[in-house]
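Here it is in structure tokens:
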């Protein structure tokens, strides 16, 4: 082992230790409308029939109906 080997080993160790400092941020980037209620709608053509955008009561009724018809296993039993 030469005299320069510990120096090279120290440099390689420093490079490996400092390479972890370059990791990019993993924070979630929010691109939605902040502060806009969900019942205002998105302007999409794919809306459930019977739901009126901007009406909170129809939004709640639509969620209740969707929950009872599509996600409630007791109503699916034949």
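Numbering (mature numbering (1 follows the signal peptide of the UniProt record, and there is no 0)), first residue to last: -20 to -1, 1 to 58. We put the beta carbon where it would ideally sit given N, CA and C, even for glycine. No experiment lies behind these values; they were computed from the predicted model shown.
- In this structure, residue 19 sits near residue 35, with a CB-CB distance shorter than 9 Å.
- Residue 21 is not a Cβ neighbour of residue 29, given a cutoff of 9 Å.
- Contact between residue 31 and residue 38 holds: CB atoms are separated by about 5 Å, below the 8 Å threshold.
- Residues 21 and 33 of the same chain have their beta carbon placed closer than 8 Å to that of residue 27, with the five preceding and five following residues left out of the count.
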